[in-house]
Amino acid sequence: MNTMYFTEEHQLFRQSLQDFLKKEVVPHIDKWEKTGTIERFIWKKFGDMGFFGLNYPEQYGGLNLDLFYTVIFLEELQKINSGGFAAAMWAHAYLAMTHVNKEGNHEIKEKYLTPSITGDKIGCLCITEPFGGSDVAGMRTTAEKKGDTYVLNGSKTFITNGIYSDYLVVAAKTNPDAGHHGMSIFILDRDTKGVSATKLDKLGWRASDTGEIAFDNVVVPANQLMGEEGKGFPYIMQHFALERLIMGINAHARAEFALEYALQYMSERTAFGKTIDKFQALRHKVADFYTEMEICKEFNYSVAYRLNKGEYVVKEATMSKLQSTKMADEVIYGCLQFLGGYGYMEDYPLARLLRDSRLGPIGGGTSEILREIIAKMVIDKKDYKPAT
Amino acid sequence: MKILVCISHVPDTTSKINFTDGDTKFDTNGVQFVINPNDEFGLTRAMWFKEKQGATVDVVNVGGPETEPTLRKALAIGADGAIRVNTTATDGFAVAKQLADVIKNGSYDLVIAGRESIDYNGGMVPGMIAGLTNANFVNNCISLEVDGTNAKAVREIDGGKETVSTTLPLVIGGQKGLVEESDLRIPNMRGIMMARQKPLTIVEPNGITTETTTVKFEKPAPKGAVKLVSPDNLDELVNLLHNEAKVI
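Taken in order, these protein sequences are the chains called A and B. 73 is the number that full-length UniProt numbering gives to position 73 of the first sequence; each next residue is one higher, with no gaps. 108 is the number that full-length UniProt numbering gives to position 108 of the second sequence; each next residue is one higher, with no gaps.
Structural data, given as structure tokens:
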């Protein structure tokens, strides 16, 4: 246990979460990976255990704990080898719910945040569009104000929990001529007339119901606008720091899982009269992989520590995701190689892990876009300010 | 009803076991510790008495500060208070003497201990504390019901079960069957946070000296290679069992 960041309570939570995942989730993972549907009962069990409320106010049923409980939540979800299941949980708890908590008013929080914490309602965050993912400011979905309502038209894609969620947090242009100053955030129920969704088939994250969502003249009451009209872009940018750090933490955790599994395998698998963890060619690779993973982990912990203190760490969180997802792909590719032919088999965890990891440098901002952002900050001295 | 659950802090069953100091001490390096499974069945049954019959439940352990996370977990599961007797658990008699003092001082009606811990498997403590505290005793207990001061316990016997009627104060040596594995509780977040607020009392040992000393630990010999014999080659199988394994 790293005692610089984790207390005895953190450790008790980690053990409890490990026990819970082993008992309640792992027996179902292979089925959910096949069907692409996570059964509803597990959401409620997560809620009953208090796992969705780690970071949210007690007023709405949360526990208002420090960010290292979230770090543990993310790490352990990566170690049951279903990136799709993990994504469904953290996309609900930290993408959709973050916006509800930060931008929603009291009524919205009572209606959506409280049941999200108990696991009775599942949320999704709809930002990416078919015509542009990382180009958030170029989004085409519009929300035209008509009296005391807004009318949404457009489409979103690659939305985690896009099919089975109960509510949607949607970014749309309320003033298309104003560029990124004309964007706003809405919350709407799944059964609102004009909302439709199509499930997408993917390389990995197969347990997750990633979807494409269409909005066809969807009438949304004005009181479903979250925060101020026109401030959607800075809200999104502000929360991207957390999202990127989450993806960085996920990456170091799945790399650690891959290494732990591969090392166990290598200590049992023999060739030429000795276990394969005695071959120098492999030992040096393990040493390199562990070094790279530990460096990312320590960096991610330090960024989490600063974010927990309220610092604006958009640059560091961007670096976290860029470097950690690259490291995870390389480590997992190498660990699969350690297993030889078995690494390629679905009966062993590395095949799924490799597929799931490939999303890392793509989702939540591609590595190319992240490099652009970092370059703007370190070369052009651009300063991304938090929303006020 | 006041219940005391005795909790042993034992290595997780998947731990790799090694010894140090000339094979006289257990090597705790890298070992994850858990609540002794037989004690966890008892703790879960005690939670049932708390919720259904309004019992209060304390947990106790004999050990150093390193055992406190195990006690905190018991508090997170729902125990009301914890007691740690601040001394190293050496042999069964020394532990039983420490626990007997805690039981007398706390005036407990029911003491639930696991029938044995899964590390040293002594199986002595429950019986000894019953003797030391003049309480009734049921070992290998797989079911327990309490009505006022009367208790009905079922214990496992060779090839069957025995139902026993007895009275409080009572000590049981519990095991699986008191509750099933599916009944075991995982602490939720509220429990973990509340555990911080609950009392964990440290009491100093009563000075009893240990009567036994470990001379040496030994691990079972590693398993040899597996030999596969064709089902058609029974002569070879008989030959191996007779001449090599020498079991027939």
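C-beta: ideal position from N, C-alpha, C; glycine also.
Identity of the residue in B:VAL111, B:LEU99, B:PRO169 nearest B:LEU43 by Cα:
It is B:VAL111.
So with Cβ pairs under 7 Å, would you call A:ASP19 a contact of chain B?
The Cβ of A:ASP19 sits closer than 7 Å to at least one Cβ of chain B.
Buried or exposed, going by whether 16 or more other CB atoms sit within 10 Å of the CB of A:TYR150?
Flag for A:TYR150 reads buried.
Return the Cβ separation of A:ILE72 and A:HIS10 in integer angstroms, given the expectation that the two are a contact with Cβ distance under 8 Å.
A:ILE72 to A:HIS10, Cβ: 6 Å. Contact.
At least one CB of chain A closer than 7 Å to the CB of B:ILE186: is that the case?
With 7 Å as the cut-off, B:ILE186 counts as an interface residue toward chain A.
Integer-rounded CB distance, given that B:LEU132 should sit under 8 Å from B:ALA100
So it is a contact: roughly 4 Å between Cβ atoms.
Just to confirm the assignment: which complete beta strand (DSSP E) runs, minimum length 3, are found wholly within the segment 289-376 of chain A?
No beta strand (DSSP E) of 3 residues or more sits fully in the segment 289-376 of chain A.
How far does the alpha helix (DSSP H) with A:HIS99 in it extend, from its first residue to its last?
A:HIS99 -> alpha helix (DSSP H) spans 97-103.
For A:GLY334, I'd like the list of residues in its chain whose CB is within less than 7 Å of its CB, leaving aside the five on either flank, ordered along the chain.
These residues qualify, in order along the chain: LYS285, PHE289.
Can you tell me whether A:THR210 is buried or exposed? The criterion is at least 16 other CB atoms within 10 Å of its CB, across all chains shown.
A:THR210 should be labelled buried.
Let me see if you follow: with CB-CB separation under 7 Å, is A:GLU129 close to chain B or not?
No, because no Cβ of chain B sits closer than 7 Å to the Cβ of A:GLU129.
Residues, ordered as in the chain, of the segment 214-239 of chain B that lie near chain A by beta-carbon distance below 8 Å
So the list is empty, because no residue satisfies the distance condition.
How would you write the range of the alpha helix (DSSP H) that B:SER182 sits in, first residue to last?
No alpha helix (DSSP H) contains B:SER182, which DSSP labels as neither H nor E.
I'd like to know whether the C-beta of B:ARG190 is nearer than 7 Å to at least one C-beta of chain A.
It does: the Cβ of B:ARG190 has a partner Cβ on chain A nearer than 7 Å.
Entirely within the segment 77-112 of chain B and at least 3 residues each: give me those beta strand (DSSP E) ranges in chain order.
Look at the segment 77-112 of chain B and you find these whole runs of beta strand (DSSP E), each 3 residues long or longer: 81-85.
Taking 6 Å as the cut-off, is the CB of A:VAL313 close to at least one heavy atom of the ligand SAM?
This structure simply doesn't include the ligand SAM, nor any ligand for that matter.
As assigned by DSSP and simplified to three states, the class of B:PHE26:
Taken through DSSP and simplified to helix, strand or coil, B:PHE26 comes out as strand.
Is A:VAL169 near A:HIS99, with beta carbons less than 7 Å apart?
The answer is yes: Cβ separation under 7 Å.
Inspect the beta-carbon positions of B:PRO187 and A:SER16 and report whether they are closer than 7 Å.
Yes, Cβ-Cβ distance for B:PRO187 and A:SER16 is below 7 Å.
With a cut-off of 7 Å, does the C-beta of B:LYS69 fall near any C-beta of chain A?
Note that residue 69 of chain B is Pro in the sequence shown, not Lys. Judged by the 7 Å Cβ criterion, B:PRO69 is in contact with chain A.
Going along the chain, which residues of the segment 103-120 of chain A sit with their C-beta nearer than 7 Å to a C-beta in chain B?
Considering only beta carbons, no part of the segment 103-120 of chain A lies closer than 7 Å to chain B.
The beta strand (DSSP E) spanning A:ALA255 covers which residue range?
Careful: A:ALA255 lies outside any beta strand (DSSP E), inside the alpha helix (DSSP H) at 232-268.
Paired residues, beta bridge with B:ARG155 - DSSP:
B:CYS141, B:GLU162, per the DSSP bridge assignment.
List the DSSP bridge partners of A:SER184.
In the DSSP output, where bridge partners are listed per residue, A:SER184 has A:ALA172.
Compare the C-beta of B:ARG45 against all C-beta atoms of chain A and say whether one is closer than 7 Å.
Output row for B:ARG45: interface = no.
Got a sec: which bits of the segment 73-84 of chain B sit with their beta carbon under 8 Å from any beta carbon on chain A, in order along the chain?
Those residues of the segment 73-84 of chain B that come within reach of chain A (Cβ to Cβ, closer than 8 Å) are LYS73, ALA76.
Taking 7 Å as the threshold (C-beta atoms), are A:MET247 and A:LYS321 in contact?
Result yes, Cβ atoms of A:LYS321 and A:MET247 sit closer than 7 Å.
Listed from N- to C-terminal order along the chain, which residues in the segment 73-90 of chain A have their beta-carbon within a distance smaller than 7 Å of any beta-carbon of chain B?
Residues of the segment 73-90 of chain A with a C-beta less than 7 Å from any C-beta of chain B: none at all.
Run through DSSP, which three-state label would A:ASP135 get?
Coil at A:ASP135, not helix or strand.
Proximal chain B residues relative to A:LYS23, where beta-carbon distance stays under 8 Å:
Contact note: A:LYS23 reaches chain B through ILE186, using a C-beta cutoff of 8 Å and chain order.
Alpha carbon to alpha carbon, what distance is there between B:GLY173 and B:THR210?
About 22 Å.
Distance check for B:GLU181 and B:ASN134, CA to CA, integer angstroms please.
Straight-line Cα distance between these residues: approximately 32 Å.
Can you grab the Cα-Cα spacing for the pair B:VAL60 / B:LEU170, in whole Å?
For B:VAL60 and B:LEU170, the distance between alpha carbons rounds to 16 Å.
Taking DSSP as the reference, what is the three-state secondary structure of A:SER196?
DSSP places A:SER196 in strand when its eight states are reduced to three.
What residues from chain B crowd round A:GLY50, counting only those whose CB sits closer than 7 Å?
The answer, in chain order, is ASN188, MET189, ARG190.
On the criterion of 16 or more Cβ atoms from any shown chain inside 10 Å, does B:PRO65 qualify as buried, or is it exposed?
With a 10 Å radius around the Cβ and a threshold of 16 neighbouring Cβ atoms, B:PRO65 comes out exposed.
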